[in-house]
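Novice: My questions all concern the structure below.
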Amino acid sequence: MKAKNIAILGSTGSIGTQALEVIQANPKHFKVEVLTANSNADLLIAQALTHRPNAVVICDESKFQYINDVLFEKDIKVYAGKDALAQIVAMEEIDVVLTALVGYAGLVPTLNAIDAGKHIALANKETLVVAGELVTAAAKAKGVNIYPVDSEHSAIFQCLVGEWENPIEKIYLTASGGPFRGKNQEDLAKVTKAQALKHPNWEMGAKITIDSASLMNKGLEVIEAKWLFGLKNEQIDVIVHPQSIVHSIVQFQDGSMKAQMGLPDMKLPIQYAIGYPKRLPSDFPRFNFLDYPTLSFEQPDKKTFRNLQLAFDALEKGGNMPCILNAANEVAVDAFLHDKIGFLEMSDVIENCLNSVFFIKTPNLAQYQETDTETRRKAIDLIG
Ligand code: NDP
Ligand code: MG
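The number in the working numbering is simply the position in the sequence shown, starting from 1, with 23 added.
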């Protein structure tokens, strides 16, 4: 069997580095073909020297020379800039593109990869939130598969294997509840960046960690699930499960429910997405029931964690609303991380943008791009 050639967009991040661990542990199954980073040149160089890809891309063009000076003599091609990132995915040798970059920046490279007929292992949920209809239609037209990396969606996908003929009645996406579970609005008004960056069960990049604390991450995942699994809005439910052992649940039309379980470790869904349909052996730590004698479940508090309600509202309205939600959230999270606004103000910015940016029922790519630009302008204005 030939090893699959993998391109990792965002190899220097949390998902990217874990994907490289998975690949390194399975050299017969995977080979690294392309690595990309935004600006972390030193880590990109170190990864390239270890994994010997054919090419690397750095978005920050000022780092090109620095990287090329080291990698040129190793016969590794170096490219720089956003356009290079968008185009590298069409390289002939790539079998699977792992989209592990964060935010809206993932949209165009993902669309280009689909257009070039590459299968997608999708971590970059923002791409489906922004333009899920467009992306899934393009994948269908090209016969390209989108394998979910997000743990909840990987869980649903794993439950669906062997059930392709059986319609889904409902799915339950599990949510840990984040570091502020049980808190009220008064408490949330006072929480700090350091507290928000401490997730109880997962170690992740800064943006998704803040999204997890505000429950926006679960809102984005509801929208992601709709497009990945072709669901109606009312078929998607969220249930808080603080132990993060049950990664999500599918309910079928006969009432049977299937869940996928395991210790919280992103390496498993990453490996499943790039290794599908095989389950490759791993030495990841195994779950022990007696370490978790109680698995508990509760309703999410959408009144206190308004972002989750705003995401459901955006999904209900459809069109470019999820794109507005995403852009406003990206600006708000960045502002929170730079101490420009408080935790609760993130929801104010998002709600204001949802109420004021122009609505388009069935946007094309250019209109999604306009929506993103306009929403960012508006959100930055609001923050001042
Ligand atoms: P990180 O912030 O850890 O890593 C982001 C990666 O993307 C880095 O390689 C970064 O490069 C690169 N990058 C950042 N901004 C840009 C940009 N504008 N253009 C090109 N490249 C960019 O993020 P995570 O790994 O945590 O998350 C990646 C994606 O996976 C997100 O969409 C997230 O929602 C999703 N996800 C993550 C999970 C996790 O456990 N971390 C779980 C489920 C989903 P550089 O290092 O140079 O800045
Ligand atoms: Mg998730």
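For glycine and all other residues, C-beta sits at the position ideal for the given N, C-alpha and C.
Under 8 Å by Cβ, that's how I've got Lys249 and Gly155 pegged, so tell me the actual separation to the nearest angstrom.
Specialist: On the sequence shown, residue 249 is found 226 positions in, with the first residue counted as 1. On the sequence shown, residue 155 is found 132 positions in, with the first residue counted as 1. Correct: roughly 7 Å between the Cβ atoms.
Novice: Distance, Cα to Cα, Ala128 vs Leu313?
Specialist: Position 105 of the sequence shown, counted from the first residue, corresponds to residue 128. Position 290 of the sequence shown, counted from the first residue, corresponds to residue 313. So the two alpha carbons sit approximately 43 Å from each other.
Novice: Please work out which residues of its chain come closer than 7 Å, Cβ to Cβ, to Phe307, disregarding the five sequence neighbours upstream and downstream, and give them in chain order.
Specialist: Residue numbering aside, residue 307 sits at position 284 when the sequence shown is read from its first letter. Result list for Phe307: Asp288, Lys290 and Leu291, in chain order.
Novice: In whole angstroms, give me the CA-to-CA distance for Cys376 and Gly33.
Specialist: Start at 1 with the first residue of the sequence shown, and residue 376 comes out as number 353. Start at 1 with the first residue of the sequence shown, and residue 33 comes out as number 10. Straight-line measurement puts the Cα of Gly33 at about 28 Å from the Cα of Cys376.
Novice: What are the boundary residues of the beta strand (DSSP E) that includes Tyr127?
Specialist: Numbered from its first residue, the sequence shown carries residue 127 at position 104. Where Tyr127 is concerned, there is no enclosing beta strand (DSSP E), given that its DSSP letter is neither H nor E.
Novice: In chain order, what residues of the same chain have a beta carbon less than 7 Å from the beta carbon of Tyr315, not counting five sequence neighbours either side?
Specialist: The sequence position of residue 315 within the sequence shown is 292, counting from 1. Excluding the 5 residues flanking it on each side, Tyr315 has same chain C-beta neighbours closer than 7 Å at Gln266 and Ile268, in chain order.
Novice: Using DSSP bridges, identify the partner residues of Lys54.
Specialist: Translated into positions along the sequence shown, residue 54 becomes position 31. Per DSSP, Asn28.
Novice: Is Ser37 near the ligand NDP - that is, is its Cβ less than 6 Å away from at least one heavy atom of it?
Specialist: For the purposes of this step, residue 37 is taken as residue 14 along the sequence shown, with counting starting at 1. A distance criterion of 6 Å places the beta-carbon of Ser37 in contact range of the ligand NDP, judged by its closest non-hydrogen atom.
Novice: Near Glu175, which residues of its chain fall below 7 Å by C-beta distance, leaving aside the five closest residues on each side in sequence?
Specialist: Along the sequence shown, one-based indexing puts residue 175 at 152. These residues qualify, in order along the chain: Leu196, Thr197, Glu244, His270 and Ser271.
Novice: Name the DSSP bridge partner or partners of Phe275?
Specialist: On the sequence shown, residue 275 is found 252 positions in, with the first residue counted as 1. Paired residues: Ile191.
Novice: Assess contact between the region 76-83 and the region 93-103, defined as three or more Cβ pairs (one per stretch) separated by less than 8 Å. Is contact present?
Specialist: yes
Novice: Give me whichever residues DSSP pairs with Ile81 in a beta bridge.
Specialist: Residue 81 sits at position 58 when you count from the first residue of the sequence shown. According to DSSP, which records beta bridges pairwise, Ile81 is partnered with Ala60 and Ala103.
Novice: Near the ligand MG, which residues have their beta-carbon less than 6 Å from any of its heavy atoms, given in chain order?
Specialist: Taking each Cβ in turn, the ones that pass are Asp173, Ser174, Glu175 and Glu244.
Novice: Nearest CA to the CA of Phe381: which residue from Ile364, Lys148 and Arg399?
Specialist: Within the sequence shown, numbered from 1, the residue matching residue 381 stands at position 358. The shortest Cα separation from Phe381 among Ile364, Lys148 and Arg399 belongs to Arg399.
Novice: Need the endpoints of the beta strand (DSSP E) that Leu145 sits in, please.
Specialist: The count along the sequence shown starts at 1 and reaches residue 145 at position 122. Note, Leu145: beta strand (DSSP E), His142 to Leu145.
Novice: Quick check: what's the CA-CA separation for Pro323 versus Ala389?
Specialist: Indexing the sequence shown from 1 puts residue 323 at position 300. Indexing the sequence shown from 1 puts residue 389 at position 366. Distance between the alpha carbons of Pro323 and Ala389 is about 35 Å.
Novice: Looking at the ligand NDP, does it come within less than 6 Å of Ile231, judged from the CB to the closest heavy atom?
Specialist: Stepping through the sequence shown from its first residue, residue 231 is reached at position 208. Yes - the ligand NDP has a heavy atom lying nearer than 6 Å to the Cβ of Ile231.
Novice: Here's a check: name, in chain order, each residue in its chain whose Cβ is nearer than 8 Å to the Cβ of Glu149, leaving out the five neighbours to either side.
Specialist: Numbered from 1 along the sequence shown, position 126 holds the residue referred to as residue 149. Taken in chain order, the residues that qualify are Val125, Gly126, Tyr127, Gly129, Leu130, Leu243, Asn349 and Glu353.
Novice: In chain order, what are the residue ranges of uninterrupted alpha helix (DSSP H) at least 4 long that sit wholly in the region 171-229?
Specialist: 174-183, 208-212 and 216-219
Novice: Grouping DSSP H, G and I as helix and E and B as strand, with all else coil, what is Gln390?
Specialist: Reading the sequence shown from its first residue, position 367 is the one you call residue 390. Note: Gln390 maps to helix in three-state DSSP.
Novice: With H, G and I counted as helix, E and B as strand and the rest as coil, what does DSSP make of Lys234?
Specialist: Here residue 234 is taken as the residue at index 211 of the sequence shown, counted from 1. What sits at residue 234 in the sequence shown is Asp, not Lys. Asp234 falls in the helix class under three-state DSSP.
Novice: Touch check for the region 226-237 and the region 32-47: three-plus C-beta pairs under 8 Å?
Specialist: yes
Novice: Beta-carbon within less than 8 Å of Pro300's beta-carbon, same chain only, minus the 5 sequence neighbours each way: which residues are those?
Specialist: Against the sequence shown, residue 300 aligns to sequence position 277. Contacts found: Val184.
Novice: Among Thr215, Asn168, Ala109 and Met239, which one has its Cα closest to the Cα of Gly140?
Specialist: The residue you call residue 140 lines up with position 117 of the sequence shown. Closest option to Gly140, Cα to Cα, is Asn168.
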